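From first to last, the protein sequence lines stand for chains A and B.
In terms of this note's numbering, the first sequence has 404 at position 391, counting the first letter as 1, and numbering is strictly consecutive.
In terms of this note's numbering, the second sequence has 165 at position 152, counting the first letter as 1, and numbering is strictly consecutive.
Note that CB positions come from ideal geometry on N, CA and C, so glycine has one too.
Computed from a prediction, not measured in an experiment: that's the story for all the values here.
What follows is a set of notes on a single structure, which appears directly below.
Number of protein chains: 2
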Amino acid sequence: MNDIQVGLIGFGNIGAGVVRLLQDNADVIRSKVGTGIVLKRIADLDITSDRGVVVDPGLLTTSVDDIFNDPEISVVIELIGGYEPAKTFVLKAIEKGKHIVTANKALLALHGSEIYAAAVRKGVEVQFEASVGGGIPVLTAIKSNLAANYFSSVFGIMNGTCNYILTRMTQEGAAFSDVLKVAQELGYAEPDPTFDVEGVDTAHKLAVLISLCFGTNIDFSDIHTEGITNISGMDVKYAAEFGYRIKLLAIGKLVDGKIEARVHPTMIPLDSPLADIHGVFNAIRLTGDFVGPVMFSGRGAGQNPTASAIVGDLIGLSRSMRVGAGRRMSPLGFMDEAIVTIPVKPMADVFSKYMLRFSALDKPGVLGGIAGALGLYGISIESMVQTSHDVADSTPVAIVIMTHEAREGSIQEALSEIDQLDIICEKTSFIRIEENLE
Amino acid sequence: MNDIQVGLIGFGNIGAGVVRLLQDNADVIRSKVGTGIVLKRIADLDITSDRGVVVDPGLLTTSVDDIFNDPEISVVIELIGGYEPAKTFVLKAIEKGKHIVTANKALLALHGSEIYAAAVRKGVEVQFEASVGGGIPVLTAIKSNLAANYFSSVFGIMNGTCNYILTRMTQEGAAFSDVLKVAQELGYAEPDPTFDVEGVDTAHKLAVLISLCFGTNIDFSDIHTEGITNISGMDVKYAAEFGYRIKLLAIGKLVDGKIEARVHPTMIPLDSPLADIHGVFNAIRLTGDFVGPVMFSGRGAGQNPTASAIVGDLIGLSRSMRVGAGRRMSPLGFMDEAIVTIPVKPMADVFSKYMLRFSALDKPGVLGGIAGALGLYGISIESMVQTSHDVADSTPVAIVIMTHEAREGSIQEALSEIDQLDIICEKTSFIRIEENLE
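Shown next as structure tokens:
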């Protein structure tokens with residue numbers, strides 16, 4: 014059989030990794046597919062910069078139409094990222110009957126349903142293993158090997174930048190801004206780190222995971238998204254004192270026919286398997302009704318792991334093409350008609366335990382005032398730490414309270430009332446706790 | 014399209030789990046495949062015992078020929094385990110043009126190449142995700158998503174019985190035989206636990222993993238296999254003192270064109286990701302040249318997780334059949350002509366660090382005698398702990414030595430010499446150490 018001809022749109026860092034992997038490991042790829050996988054054209058606005066890989070200049074083009082209009086190209090890899098022109102290009106390629114491989118979680122999180130519908134109409138496949146967890150093969154596992162399960166939850170650490178920053182804050186007691194600077198110098202954080210540190214990148218990945226686990230196209234704006242920019246060294250320290258570690262978690266649960274979809278800093282017990290995922294590593298933990306809990310971990314980003322996932326998708330498509338199979342599977346693993354809309358639980362209705370850190374005046378009656386207000390909203394206290402001055406003075410002290418399980422809405426209302434008390438010196442910090450990641 | 018018709022051979026614990034999963038989750042399976050997956054016949058010698066699942070008695074038969082000769086049955090699930098008659102049945106089913114799904118690692122480890130060759134000749138698939146790690150989808154990941162990588166190593170904890178026993182020995186300082194008894198009472202160990210505790214089951218799984226990672230049919234007898242029956246509470250205690258935990262590891266490495274294939278109790282650092290895999294959980298860690306290290310963990314055995322993997326294989330096959338694709342992939346993921354024979358390194362040539370525990374008389378010069386003998390074989394000492402009596406007496410004392418990296422053959426020769434010294438009271442215990450699981 015002839016080689017599988019592929020077009021690549023986007024010749025950046027990841028694109029160069031794909032080129033190098035297809036070159037360096039051409040033999041092993043051929044030994045697994047039975048044919049070669051060949052990059053026929055590479056489109057990018059910049060076709061002159063050195064990417065550290067050698068390519069025949071004849072492959073390079075600044076016109077994506079050279080890819081769309083090449084009938085020999087059966088698969089298009091989209092690696093430009095972001096919403097546009099990625100979306101236009103992907104839809105155009107589908108329209109031309111080409112299979113899609115992409116790592117673009119932002120695109121899938123916001124425009125996935127439109128893209129999947131177009132692919133279904135044209136009978137082509139859309140593969141996106143690289144969009145979540147870099148080289149970790151979790152998406153295919155959900156779509157295939159674990160497909161017989163009803164899933165109840167999917168959790169994970171899915172952003173290496175945030176996990177690197179939180180790991181160093183924990184290990185060194187360093188402040189967020191200092192660690193961010195180091196992470197930027199080391200290349201672990203972008204010059205503009207907003208999408209990472211504000212949790213948006215993690216929420217994009219959660220949207221993809223939720224769609225695969227629960228067979229639904231979740232509205233991205235329904236995902237409660239908080240980043241790590243408000244986490245202080247004090248939070249990390251008190252969390253450790255109570256036996257927890259702070260991680261930026263993506264959390265998806267299906268409970269009583271409603272989805273919980275949230276990304277926020279989360280305290281997890283030190284002996285939880287996710288607590289030991291350090292630095293730029295990612296981990297994703299799923300629970301299915303028959304398989305029970307399963308966890309996947311590895312390098313969640315970077316040129317080489319991401320290229321591994323992209324070429325893995327190419328190999329899967331090539332194997333199907335080789336035996337003459339067209340579209341073997343719907344983009345989400347579910348048949349298209351089985352995709353349903355599942356209501357998302359409002360954040361106010363989510364139940365959780367909380368660590369509340371109050372900054373209060375060191376006066377008699379302060380604790381009573383706080384506890385009283387919490388009690389009015391039905392929030393009960395599990396344990397507490399109060400610092401106090403040796404000699405009474407006017408600087409604030411920290412009061413840290415661990416609550417029993419409480420409704421998020423009640424916590425929000427109680428805190429907004431407490432924060433108006435004269436004895437409270439700054440906005441109260443609160444961090445949600447997940448004891449049992451299942 | 015018509016439902017996919019399946020025949021099941023072996024209606025034991027796992028078989029009953031498959032029946033229940035196909036019943037309970039029929040809707041979600043249909044929503045992922047587009048057709049139903051239906052058990053047409055179930056063959057077992059015993060068709061009267063209650064398995065805790067309701068089946069139409071008309072499905073049950075004591076004759077496997079009712080499955081082989083049914084032209085509507087396109088997939089046969091083999092769940093009788095062991096070498097025979099499983100091998101005969103699988104080859105017969107292949108001969109009849111039926112795809113195979115099996116959880117039988119013993120069969121694949123010893124007769125895999127014969128079975129794969131027969132499947133290739135007939136153009137049918139052999140799927141065996143359930144054979145390693147229960148519900149953990151590691152085999153498909155190696156064959157598909159990670160297929161673009163050259164793998165350098167595969168490590169893992171793959172036997173829940175052994176891991177449960179070692180975990181309890183570590184947590185409670187309990188003796189092997191006591192914990193084994195408890196494990197048998199709890200159903201975590203078989204009445205005859207030999208295959209588990211002697212490492213044979215783990216070696217079967219390692220054989221399967223090595224074949225998929227390195228594209229070779231390893232001769233099962235080339236795998237160095239040791240179990241955990243000789244591990245004492247003292248070993249566990251000293252390992253902890255030096256900062257290690259003892260796990261029964263399967264280790265496969267490809268170094269300089271030779272395979273290391275070994276199963277033995279192994280000391281791994283406490284902060285190693287595998288050190289936190291407790292009880293009946295399994296974990297498998299792979300390293301590929303592009304993806305880097307990837308780890309998978311979950312319940313490695315049991316009715317439900319194993320059924321999840323088996324039905325996952327059925328779903329994959331059904332999707333291919335639905336689009337008219339025949340054999341999409343060779344059994345090992347490699348093209349058949351790409352399967353090579355790779356020499357296996359003799360155990361004597363393996364390099365490792367060791368913990369040596371000597372039982373010696375508490376006499377002057379003992380340590381010098383031991384150290385001298387080790388030195389003669391080029392084995393150098395990294396650190397040492399010696400207990401001694403307050404008042405000299407004739408009962409033996411423990412001398413525990415951590416070596417630098419040494420050749421296994423040299424260690425064996427040195428120990429057989431040392432064990433003949435008058436000052437040595439019992440056979441010296443040695444445990445291999447893996448510092449870096451990559």
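If the cut is a Cβ gap below 8 Å, which residues of chain B does A/S44 touch?
What you label residue 44 of chain A is simply residue 31 of the first sequence in a count that begins at 1. Result: G228, F347, M348 and A351.
Would you decide whether A/N158 is buried or exposed? Buried here means 16 or more other CB atoms lie within 10 Å of its CB.
Looking up residue 158 of chain A in the first sequence gives position 145. With 16 or more other Cβ atoms inside 10 Å of its own Cβ, A/N158 counts as buried.
With 8 Å as the threshold, decide whether the Cβ of B/D289 is near any Cβ in chain A.
Counted from its first residue, the second sequence places residue 289 of chain B at position 276. When Cβ-Cβ separations below 8 Å define contact, B/D289 makes contact with chain A.
Chain A contact for B/T115 (CB, 8 Å cutoff)
In the second sequence, the residue the question calls residue 115 of chain B occupies position 102. Taking Cβ atoms only, chain A never reaches closer than 8 Å to B/T115, which makes this a no.
Per DSSP, A/K266 forms a beta bridge with which residues?
Taking the first residue of the first sequence as 1, we reach residue 266 of chain A at position 253. Partner(s): A/S166 and A/E273.
Give the secondary structure of A/A373 by DSSP, where H, G and I count as helix, E and B as strand, and everything else as coil.
On the first sequence, residue 373 of chain A is found 360 positions in, with the first residue counted as 1. Secondary structure of A/A373 (DSSP, three-state): strand.
Against chain B, does A/R363 count as a neighbour if the rule is that its beta carbon must be under 8 Å from one of theirs?
Sequence index remark: in the first sequence, residue 363 of chain A carries index 350 (1-based). Per the sequence presented here, residue 363 of chain A reads as Val, with Arg not at that position. Under the Cβ criterion of 8 Å, A/V363 is not counted among the residues facing chain B.
Interface partners of A/P206 on chain B, CB under 7 Å
Residue mapping note: residue 206 of chain A aligns to position 193 of the first sequence, counting from 1. Near A/P206 there are no residues of chain B at all, since even the closest Cβ is about 23 Å away, more than 7 Å.
Who are the Cβ neighbours of B/L434 in its own chain at under 7 Å, not counting the five residues just before and after it?
Here residue 434 of chain B refers to the residue found at position 421 of the second sequence. The residues G382, in chain order, have a CB closer than 7 Å to that of B/L434 in the same chain once the five nearest residues on each side in sequence are set aside.
Comparing alpha-carbon positions, which option in B/M397, B/G313, B/E211 and B/D59 lies nearest B/H237?
On the second sequence, position 224 is the one that residue 237 of chain B refers to. When B/M397, B/G313, B/E211 and B/D59 are compared, the shortest CA-CA separation from B/H237 is found for B/E211.
Residues bridged to A/P282 (per DSSP)
For the purposes of this step, residue 282 of chain A is identified with residue 269 of the first sequence, where counting begins at 1. BP columns for A/P282 point to A/Y257.
Residue from B/V133, B/E430 and B/N176 with nearest C-alpha to B/V293:
Within the second sequence, numbered from 1, the residue matching residue 293 of chain B stands at position 280. The residue among B/V133, B/E430 and B/N176 with its C-alpha nearest the C-alpha of B/V293 is B/N176.
With a threshold of 8 Å between beta-carbons, can B/F309 be considered close to chain A, or not?
Indexing the second sequence from 1 puts residue 309 of chain B at position 296. At least one C-beta of chain A is nearer than 8 Å to the C-beta of B/F309.
Nearest to B/V213 by CA position, among B/I93, B/F227, B/I90 and B/E239, is which residue?
As a position in the second sequence, residue 213 of chain B is number 200, starting the count at 1. Nearest option by C-alpha distance: B/E239.
Give the single residue among A/E127, A/I60, A/G228 and A/N15 whose Cα lies nearest to the Cα of A/V51.
As a position in the first sequence, residue 51 of chain A is number 38, starting the count at 1. Relative to A/V51, the option among A/E127, A/I60, A/G228 and A/N15 whose CA is nearest is A/N15.
State the start and end residues of the unbroken alpha helix (DSSP H) segment that holds A/T183.
Residue mapping note: residue 183 of chain A aligns to position 170 of the first sequence, counting from 1. Where A/T183 is concerned, the enclosing alpha helix (DSSP H) stretches over G173 to E185.
So what does DSSP say about A/I50, is it helix, strand or coil?
Locating residue 50 of chain A in the first sequence gives position 37, where the first residue counts as 1. Strand at A/I50.
Does B/K135 come out as helix, strand or coil in the three-state DSSP assignment?
The count along the second sequence starts at 1 and reaches residue 135 of chain B at position 122. DSSP places B/K135 in helix when its eight states are reduced to three.
To the nearest angstrom, report how far apart A/Q140 and A/R332 are at their CA atoms.
On the first sequence, residue 140 of chain A is found 127 positions in, with the first residue counted as 1. On the first sequence, residue 332 of chain A is found 319 positions in, with the first residue counted as 1. Rounded to the nearest angstrom, the two C-alpha atoms are 14 Å apart.
How about A/Y51: is its C-beta nearer than 8 Å to some C-beta of chain B?
One-based indexing of the first sequence puts residue 51 of chain A at position 38. The amino acid occupying residue 51 of chain A in the given sequence is Val; Tyr does not appear at that position. Look at A/V51: its C-beta is not under 8 Å from any C-beta on chain B.
From this set, A/L267, A/A320, A/N117 and A/K45, which residue's C-alpha is nearest B/L345's C-alpha?
Indexing the second sequence from 1 puts residue 345 of chain B at position 332. Nearest option by C-alpha distance: A/K45.
Is the beta carbon of B/Y367 closer than 8 Å to that of B/A427?
Counted from its first residue, the second sequence places residue 427 of chain B at position 414. Counted from its first residue, the second sequence places residue 367 of chain B at position 354. For the 8 Å CB-CB criterion, B/A427 and B/Y367 do not form a contact.
So which residues on chain A does B/F141 lean against when the C-beta distance must stay under 8 Å?
Locating residue 141 of chain B in the second sequence gives position 128, counting from the first residue. Result: empty, since nearest Cβ-Cβ is about 12 Å, beyond 8 Å.
Given that a residue counts as buried once 16 or more other Cβ atoms are within 10 Å of its Cβ, and exposed if not, what is B/V398?
Taking the first residue of the second sequence as position 1, residue 398 of chain B is located at position 385. Counting Cβ neighbours within 10 Å, B/V398 comes out exposed, since fewer than 16 surround it.
B/K135 beta carbon less than 8 Å from that of B/I272
Here residue 272 of chain B corresponds to residue number 259 of the second sequence, with the count starting at 1. Here residue 135 of chain B corresponds to residue number 122 of the second sequence, with the count starting at 1. The beta carbons of B/I272 and B/K135 sit no closer together than 8 Å.
Minimum C-alpha distance to A/A119 - residue among A/F309, A/S144 and A/D235:
Residue 119 of chain A sits at position 106 when you count from the first residue of the first sequence. Ranking the options by Cα distance to A/A119, first place goes to A/S144.
Where does B/M342 sit, in a helix, a strand or coil, going by DSSP?
Reading the second sequence from its first residue, position 329 is the one you call residue 342 of chain B. Here B/M342 sits in coil by DSSP.
Limits of the beta strand (DSSP E) - the one that A/Q399 falls within
Position 386 of the first sequence, counted from the start, is the residue given in the question as residue 399 of chain A. Per DSSP, A/Q399 belongs to the beta strand (DSSP E) from I394 to Q399.
Residues of the segment 159-175 of chain B whose Cβ lies closer than 7 Å to any Cβ of chain A, in chain order:
L159, A160, A161, N162 and Y163: these are the residues of the segment 159-175 of chain B whose beta carbon lies less than 7 Å from some beta carbon of chain A, given in chain order.
Chain-ordered chain B contacts of A/M342 [CB-CB under 7 Å]:
Translated into positions along the first sequence, residue 342 of chain A becomes position 329. Under the 7 Å cutoff, chain B gives R332.
Using a cut-off of 7 Å between C-beta atoms, extract the partners of A/A320 located in chain B.
Counted from its first residue, the first sequence places residue 320 of chain A at position 307. Per Cβ cutoff of 7 Å: F303.
Along the segment 20-44 of chain A, what residues have a CB closer than 7 Å to any CB found in chain B?
The segment 20-44 of chain A vs chain B, Cβ under 7 Å: L34, N38, V41, I42 and S44.
Between B/G146 and B/I297, is the Cβ-Cβ spacing less than 8 Å?
Residue numbering aside, residue 146 of chain B sits at position 133 when the second sequence is read from its first letter. Residue numbering aside, residue 297 of chain B sits at position 284 when the second sequence is read from its first letter. Their beta carbons are under 8 Å apart, which means B/G146 touches B/I297 by this criterion.
Exposure of B/S396, with buried meaning 16 or more beta-carbon neighbours within 10 Å:
What you label residue 396 of chain B is simply residue 383 of the second sequence in a count that begins at 1. Exposed: under 16 other Cβ atoms inside 10 Å.
State yes or no: is the beta carbon of B/S157 nearer than 8 Å to at least one beta carbon in chain A?
Residue mapping note: residue 157 of chain B aligns to position 144 of the second sequence, counting from 1. For B/S157, the closest Cβ of chain A is nearer than 8 Å.
Quick one: give me the first and last residue of the beta strand (DSSP E) that B/R33 is part of.
For this step, residue 33 of chain B is matched to residue 20 along the second sequence. Taken as a continuous stretch (DSSP letters only), B/R33 belongs to no beta strand (DSSP E), being part of the alpha helix (DSSP H) at N26 to D37.
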